[in-house]
Amino acid sequence: MPGARTSPVASTAPLQPPGRNAARWLILGVICLAQLTVILDNTVLNVAIPSLTKELGATTADVQWTISAYSLVQSGLLLTAGNAADRYGRKKMLAIGLALFGVASLGAALAQSPAQLIAARAGMGIGGALLVTTTLAVVMQIFDDAERPKAIGIWSSVNSLGFAAGPLIGGALLDHFWWGSLFLVNLPVAVIALLAVLSLVPESKNPSGDRPDLLGALLSMIGMVGVVYAIITGPVNGWTSAQVLLSAAVGVVGLAAFALWELHVPYPMLDMHFFRNRRFIGAVSGGILVAFGMGGSIFLLTQHLQFVLGYGPLEAGLRMAPLAVTVILINFTGLGARLMPRLGTPGTIVSGMSLLAAGLAAISLLGGHGYGGMLTGLIVMGLGVALAMPAMANAIMSAIPPAKAGVGAGVNGTLMEFGQGLGVAVLGAVLNSRFVALLPVVAAGAGSLPAALAHTRTDAERSAVQDAFATGIGTSQLVGAAAVFLGGLLAALLLRRAERSGQEAEPTGQDAEPTGREAGTPSVPAPSTAPAE
Numbered sequence: 005m006p007g008a009r010t011s012p013v014a015s016t017a018p019l020q021p022p023g024r025n026a027a028r029w030l031i032l033g034v035i036c037l038a039q040l041t042v043i044l045d046n047t048v049l050n051v052a053i054p055s056l057t058k059e060l061g062a063t064t065a066d067v068q069w070t071i072s073a074y075s076l077v078q079s080g081l082l083l084t085a086g087n088a089a090d091r092y093g094r095k096k097m098l099a100i101g102l103a104l105f106g107v108a109s110l111g112a113a114l115a116q117s118p119a120q121l122i123a124a125r126a127g128m129g130i131g132g133a134l135l136v137t138t139t140l141a142v143v144m145q146i147f148d149d150a151e152r153p154k155a156i157g158i159w160s161s162v163n164s165l166g167f168a169a170g171p172l173i174g175g176a177l178l179d180h181f182w183w184g185s186l187f188l189v190n191l192p193v194a195v196i197a198l199l200a201v202l203s204l205v206p207e208s209k210n211p212s213g214d215r216p217d218l219l220g221a222l223l224s225m226i227g228m229v230g231v232v233y234a235i236i237t238g239p240v241n242g243w244t245s246a247q248v249l250l251s252a253a254v255g256v257v258g259l260a261a262f263a264l265w266e267l268h269v270p271y272p273m274l275d276m277h278f279f280r281n282r283r284f285i286g287a288v289s290g291g292i293l294v295a296f297g298m299g300g301s302i303f304l305l306t307q308h309l310q311f312v313l314g315y316g317p318l319e320a321g322l323r324m325a326p327l328a329v330t331v332i333l334i335n336f337t338g339l340g341a342r343l344m345p346r347l348g349t350p351g352t353i354v355s356g357m358s359l360l361a362a363g364l365a366a367i368s369l370l371g372g373h374g375y376g377g378m379l380t381g382l383i384v385m386g387l388g389v390a391l392a393m394p395a396m397a398n399a400i401m402s403a404i405p406p407a408k409a410g411v412g413a414g415v416n417g418t419l420m421e422f423g424q425g426l427g428v429a430v431l432g433a434v435l436n437s438r439f440v441a442l443l444p445v446v447a448a449g450a451g452s453l454p455a456a457l458a459h460t461r462t463d464a465e466r467s468a469v470q471d472a473f474a475t476g477i478g479t480s481q482l483v484g485a486a487a488v489f490l491g492g493l494l495a496a497l498l499l500r501r502a503e504r505s506g507q508e509a510e511p512t513g514q515d516a517e518p519t520g521r522e523a524g525t526p527s528v529p530a531p532s533t534a535p536a537e
C-alpha cells in the first residue's frame with residue numbers, strides 16, 4: 005500500500021501443521037491444567053490473609069502487595085510475553101513459563117518473610133504471563149476451524165472454574181495444612197505439564213525474524229502496571245488520592261507513548277493498524293465488557309451473599325459455584341461450539357452478552373431477599389458467559405494474523421485484566437455512591453457497611469443501613485447489566501458490518517485474518533508449517 009511502512013506479505017496458510025495433531029485433546033488437557041493453576045493463584049491467596057498476618061507478621065500493606073504483585077507483573081508482561089512467544093517459539097516459551105512458575109511457587113512456599121513472599125509472587129507473575137499467552141496460542145495452532153470453537157470454549161471455561169474454585173481450594177488446604185501448601189500444590193502440576201509440553205506440543209513461531217521491540221515492551225509494561233495498580237488500589241486508598249491519580253497518570257501516559265511508538269517502529273510488538281479493522285474493534289470492545297460484567301458481578305455477588313444474605317465466606321463461595329458449573333457444562337459438552345455456526349459470531353456474542361445482562365438484572369430484582377432468585381440469575385449468567393467468552397476470544401484471535409498468535413493471546417489476556425479491574429472500579433463506585441446517598445442520618449458519612457453499622461444504636465437503624473447497602477448492590481448490578489447489554493449490541497454491530505464490508509476473509513482453512521490491504525493493516529507472514537527447532 006503506498007505510504008505504508010514496509011512489511012512482509014501475508015499468507016493465508018493455516019496456523020496448525022497439515023492434518024490434525026493426534027494428541028491435540030491431550031495437549032489441550034495439559035495446557036488447561038497449567039492455565040487453571042495460573043487462574044487459581046489470582047484468587048486462592050485471599051483466604052490466607054489471616055494466616056499470613058499471624059505467621060509472617062505481614063502488615064496490611066504487605067498483604068496488599070503480596071496479592072497485587074502477581075497480577076501487576078502478569079498484566080504488565082502479557083503483550084511482551086506474547087511477542088516473545090511469536091518470535092522465539094510458543095512451545096519454548098510455554099516450557100519456560102512452566103519452569104518459572106514452578107520454581108517461583110516453591111520459593112513462595114518456603115518464604116520466611118513478607119518481602120520474600122512478594123518477590124516470589126512477582127516471579128510467579130512472570131511465569132503466569134508466559135502461560136496465559138502461550139496456552140491460547142497453542143490452542144490456535146493445533147486445532148483447525150472445525151474443532152477450534154469447542155477447544156477455545158473449554159479453554160475459556162478454565163477461567164470461570166479458577167475464579168470459582170480458588171477460595172474453596174484455598175479454604176480446604178488451610179483447614180489441614182499451613183499457608184505454604186497453597187503454593188506447593190503448583191509443583192506437581194508444573195512438572196507434569198512441563199514433561200507433557202516437551203514431549204507432545206509441536207513448536208511454532210513467526211518465521212519473519214522481526215527484531216525485538218524493546219522500547220515498546222518497556223512502555224507497555226509501564227502503561228499496564230500503572231493503570232492496573234490504580235484500579236487495584238483505588239477502592240482501598242480512594243479514587244482521588246494522590247497515589248492512585250499518579251499511578252493512573254503514569255499508566256495513561258505510558259500507554260499513549262506505547263501507541264505512538266508502535267505506529268512508527270518498523271517491527272511493532274502490537275500493530276496499531278489492527279484498530280482500524282472493525283472486526284478487531286468489535287471483538288476488543290465486546291471482550292472488555294464481558295470481562296467488565298464478570299469482574300464487577302463477582303465483586304458485587306460476594307458482598308451480596310455475605311452482607312445482604314448473611315452467608316459466611318465458604319458458604320458464599322459454594323453458592324457462587326453454579327455460575328462456573330454452568331459455563332463448564334455448556335462448553336465441555338460442545339453446545340456453545342455447535343451454536344456458533346448457526347448463530348454466527350455476531351449473533352453468538354450478542355446472545356451471550358444479553359443473557360449475561362439478564363442474569364445480572366435477575367439477581368438485582370429477584371435475589372435481594374433469598375438465594376432462589378440469585379440461583380436463577382447465576383445460571384443465566386453462566387449461559388451467557390459460556391456463549392460470549394469463547395466467541396470473543398475466537399474473534400480476537402481470528403482478527404490477527406496467525407504468525408502473531410502470541411500477541412493476539414496477549415491482547416485477549418490484557419482485555420480480561422483491564423475489563424475485570426474496570427468492572428470492580430466502576431460498579432464499586434456506583435455501589436458506594438448509592439449506599440452513601442441512602443444512609444440514615446445516624447450513619448451519614450460512613451464509607452463502608454461495617455463503619456455504618458458501628459454508628460447504629462437500634463435495630464431499626466441497623467435495618468435501614470442494611471437496606472441502603474442492598475439497594476446500592478441492586479443498583480450497581482443493573483448498571484452492569486445495562487453496560488454489558490449495550491456492549492453486546494455494539495460488538496455485534498461492528499462484527500456484522502465488518503462481515504458485510506468484506507473485512508472478514510473468505511474461508512481458507514482458518515478464520516479471518518486482516519491483510520495489508522484491509523483497513524491499512526500491515527501483514528506478517530504465516531508461520532512455518534513444519535516444526536521449528
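Position one of the sequence shown corresponds to residue 5 (my numbering), numbered consecutively onward. Cβ atoms here follow ideal geometry from the backbone N, Cα and C, with glycine treated the same way. Owing to the predicted nature of the structure, the values given are computational and were not obtained by experimental measurement.
Go through its chain and collect everything with a Cβ distance to residue i's Cβ below 7 Å, but skip five positions before and after it.
i	result
T479	V434 and R438
R125	T70, A73, Y74 and A112
L431	G300, F303, L304, S480, V483 and G484
Y315	L309 and R323
L457	R466 and V469
Starting from the C-beta of residue i, find all residues in its chain whose C-beta is less than 8 Å away, skip the five residues before and the five after it, and write them out in chain order.
i	result
E319	L309
T352	G340, L343, M344, L391, A392 and A395
F296	G423, Q424, L426, G427, V430, G484, A487, V488 and G491
M273	L83, T84, N87, D217, G220, A221, S224, E266 and V411
G242	V248
V445	none
Under three-state DSSP, which class holds residue i?
i	result
P153	helix
Q116	coil
F187	helix
R461	coil
T244	coil
D217	coil
N398	helix
V142	helix
K95	helix
V269	coil
V205	coil
D471	helix
D148	coil
Y315	coil
P454	helix
L274	coil
W182	coil
P326	helix
T404	The displayed chain sequence assigns Ile, not Thr, to residue 404. Here I404 sits in coil by DSSP.
A27	coil
G88	Checking the sequence, you will find Ala at residue 88 rather than Gly. Correct three-state label for A88: helix.
A261	helix
Can you give me the Cβ contacts of residue i inside the same chain, cut-off strictly under 6 Å, excluding the 5 residues immediately before and after it?
i	result
V127	It should be noted that the sequence gives Gly, not Val, for residue 127. Contacts found: A108.
M378	I367 and G371
F286	What sits at residue 286 in the sequence shown is Gly, not Phe. Excluding sequence neighbours, G286 sits near A495, L498 and L499.
S251	G230, Y233 and A234
G386	L327, T330 and V331
G129	Y74, V77 and Q78
L104	I130 and G131
L453	F311 and F473
T237	V248
Give a yes or no on whether the C-beta atoms belonging to residue i and residue j are separated by under 9 Å.
i	j	result
I156	M324	no
L82	M228	yes
L40	V162	yes
G101	L134	yes
G492	G356	yes
L259	S224	yes
L110	L191	yes
L204	A409	no
V142	I292	no
T337	N398	no
L199	A115	no
Which stretch, first to last residue, makes up the alpha helix (DSSP H) that contains residue i?
i	result
R438	A409 to L442
V294	R282 to Q307
Alpha helix (DSSP H) runs wholly inside the segment 39-85, at least 4 long, in chain order: As for any alpha helix (DSSP H) of minimum length 4 sitting wholly inside the segment 39-85, the runs are 53-59, ordered along the chain.
Please go through the segment 328-392 and give each complete alpha helix (DSSP H) segment of 4 or more residues, from N-terminal end onward. Restricted to the segment 328-392, the alpha helix (DSSP H) segments that are unbroken, complete and at least 4 residues in length are 339-370, listed in chain order.
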